[in-house]
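First up is the structure itself, then whatever we jot down about it.
In structure tokens:
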């Protein structure tokens, strides 16, 4: 009993001593020594498990096994050990968005759309965003000129100007505008300091949710503006863990335009247009669709059935139903489900009602009228012949011919 008690006392002392070591240090011979976080004895961080997951049931359907590059800072980076901590220095073309221990990820600073179709209202903002991005991609991560919050405010101001003009512009401008906003939002998201950021102006509402953690977040997400509600989950935001490594952060953004009138031909908008973007780089075919509930603006009827659509860049740009489905609709709201990300809205029927039925009705009326005229003409001729027996033949013949021509006309 004595030796066992002695061992328990010794173990308690060791655990207390270990507890006295701060983060970034480890206990060795009753001393707290600096831990070199940059050294990974296992040689691979792939397959780390979230310690909060305690059973196989929790693991099912959750992104709990994921890829982290062989360095704690990610690929294309240099890990610098410091006393009690470490710092990640990113190589050119990569950034950790000013988070000293953030993993370095590749950054794309080209926010312009193909053929430069961005619109004059966006030009100055695009230049600012690109310059800010290039500074972050320099070795060591040069501090950007403005913060993410400042860029977001500039984005809202710029989209307000475009909507205030009231002119939808060319189809190329519409495609460039929506595409540029989506690219800008993807660069702004990781630069925001708060977990939730919301800005509202006269014509625009923008809301971001950002999380930074060692392990990918899980669980539902709900974002709402005055006329649009978005429901999804963090697994969709982070993406398939086998496709790309988790960078240590995730974000989702929704920008709602209150006065955007991008339509073609006789299309009619029945909702605000919204742009949705996430940190997941693969959003062309989502494993789980996102749901957006629109407040119906205007009154739909049989000739203007509400249809869930997204803006596609094909054919210079247009609204399309591909990957979109209408879950439910009533007089006030319409619930849409989308298998990919882009800009979304509710519009009147894309394929206008065919005129075949109306044309057939017109032809039928013409045929009936023609037959009626022929019958009247025949009856008139018979009547003229009948009365011609009682009157002068020449006089009646002229009268009949005149009446026949008048009836035919």
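Numbering (mature numbering (1 follows the signal peptide of the UniProt record, and there is no 0)), first residue to last: -19 to -1, 1 to 390. No residue lacks a Cβ here, since even glycine has one placed at the ideal position from N, Cα and C.
Taking residue i and residue j to be in contact with their CB atoms under 8 angstroms, please state how far apart those CB atoms are, rounded to whole angstroms.
{"i": "residue 134", "j": "residue 184", "result": "About 14 angstroms; that fails the 8 angstroms criterion."}
{"i": "residue 241", "j": "residue 254", "result": "4 angstroms"}
{"i": "residue 290", "j": "residue 276", "result": "Wrong, their Cβ atoms sit about 16 angstroms apart, outside the cutoff."}
{"i": "residue 206", "j": "residue 237", "result": "5 angstroms"}
{"i": "residue 176", "j": "residue 224", "result": "With a Cβ gap of about 25 angstroms, residue 176 and residue 224 do not count as contacting."}
{"i": "residue 219", "j": "residue 198", "result": "7 angstroms"}
{"i": "residue 76", "j": "residue 105", "result": "Not a contact, Cβ separation roughly 23 angstroms."}
Nearest-angstrom Cα distance between residue i and residue j?
{"i": "residue 247", "j": "residue 108", "result": "35 angstroms"}
{"i": "residue 400", "j": "residue 54", "result": "What the structure shows of the chain is the stretch from -19 to 390, and residue 400 is not part of that stretch, so it cannot be assessed."}
{"i": "residue 353", "j": "residue 359", "result": "10 angstroms"}
{"i": "residue 326", "j": "residue 103", "result": "22 angstroms"}
{"i": "residue 20", "j": "residue 139", "result": "46 angstroms"}
{"i": "residue 306", "j": "residue 187", "result": "24 angstroms"}
{"i": "residue 394", "j": "residue 213", "result": "Past the edges of the chain, shown from -19 to 390, lies residue 394, and the structure says nothing about it."}
{"i": "residue 208", "j": "residue 66", "result": "46 angstroms"}
{"i": "residue 189", "j": "residue 170", "result": "7 angstroms"}
{"i": "residue 126", "j": "residue 69", "result": "21 angstroms"}
{"i": "residue 333", "j": "residue 286", "result": "In this predicted model, residue 333 has a pLDDT of only 45, less than 50, meaning its place in the structure is not dependable enough to derive any value."}
{"i": "residue 58", "j": "residue 112", "result": "22 angstroms"}
{"i": "residue 350", "j": "residue 288", "result": "40 angstroms"}
{"i": "residue 14", "j": "residue 64", "result": "9 angstroms"}
{"i": "residue 116", "j": "residue 132", "result": "14 angstroms"}
{"i": "residue 221", "j": "residue 153", "result": "33 angstroms"}
{"i": "residue 181", "j": "residue 261", "result": "25 angstroms"}
{"i": "residue 268", "j": "residue 217", "result": "7 angstroms"}
{"i": "residue 73", "j": "residue 114", "result": "12 angstroms"}
{"i": "residue 39", "j": "residue 215", "result": "Confidence is the limiting factor: at residue 39 the pLDDT is only 44, short of 50, which leaves the residue's position unreliable and the question unanswerable from this model."}
{"i": "residue 16", "j": "residue 151", "result": "59 angstroms"}
{"i": "residue 79", "j": "residue 71", "result": "10 angstroms"}
{"i": "residue 162", "j": "residue 9", "result": "54 angstroms"}
{"i": "residue 304", "j": "residue 355", "result": "56 angstroms"}
{"i": "residue 239", "j": "residue 110", "result": "24 angstroms"}
{"i": "residue 146", "j": "residue 158", "result": "14 angstroms"}
{"i": "residue 7", "j": "residue 82", "result": "19 angstroms"}
Leaving out five residues on either side along the sequence, give the residues of the same chain with a beta carbon under 6 angstroms from the beta carbon of residue i.
{"i": "residue 50", "result": "With a pLDDT of only 46 at residue 50, under the threshold of 50, the placement of this residue in the model should not be trusted; the figure read from the coordinates follows. Within the same chain, residue 50 has close Cβ partners 56, 226."}
{"i": "residue 164", "result": "92"}
{"i": "residue 129", "result": "169, 172, 173"}
{"i": "residue 178", "result": "189"}
{"i": "residue 316", "result": "274, 308, 309"}
{"i": "residue 167", "result": "258"}
{"i": "residue 252", "result": "275, 278, 326, 327"}
{"i": "residue 234", "result": "166, 170, 189, 258"}
{"i": "residue 272", "result": "212, 318"}
Between residue i and the rest of its own chain, which residues show a CB-CB distance below 7 angstroms, the 5 nearest in sequence each way excluded?
{"i": "residue 311", "result": "none"}
{"i": "residue 270", "result": "318, 319, 320"}
{"i": "residue 323", "result": "291, 292"}
{"i": "residue 265", "result": "321"}
{"i": "residue 137", "result": "180, 182, 185, 187"}
{"i": "residue 90", "result": "111, 114, 115, 118"}
Output needed for residue i: all residues of its chain with C-beta closer than 8 angstroms, excluding positions within five of it in sequence on either side, in chain order.
{"i": "residue 394", "result": "Outside the displayed span of the chain (-19 to 390) sits residue 394, for which this structure offers no information."}
{"i": "residue 18", "result": "5, 53, 60, 62, 66, 67"}
{"i": "residue 314", "result": "274, 275, 276, 277"}
{"i": "residue 409", "result": "The first residue shown for the chain is -19 and the last is 390, placing residue 409 beyond what the model contains."}
{"i": "residue 203", "result": "210, 211, 212"}
Compare the C-beta of residue i against all C-beta atoms of chain B and say whether one is closer than 9 angstroms.
{"i": "residue 85", "result": "Absent from the structure: chain B. Only one protein chain is present."}
Sorry if obvious, but does the Cβ on residue i come closer than 8 angstroms to a heavy atom of the ligand GDP?
{"i": "residue 194", "result": "Looking at this structure, you won't find the ligand GDP or any other ligand, since it has none at all."}
* Asked: Counting pairs of Cβ atoms below 8 angstroms between the region 76 to 92 and the region 227 to 237, do you hit three or more?
  -> Contact holds: three or more Cβ-Cβ distances are below 8 angstroms.
* Asked: Can you list, in chain order, the stretches of the alpha helix (DSSP H) that have 4 or more residues and sit fully within the region 194 to 271?
  -> 215 to 219
* Residue ranges of each beta strand (DSSP E) within the region 56 to 81, 3 or longer -> 58 to 63, 66 to 71
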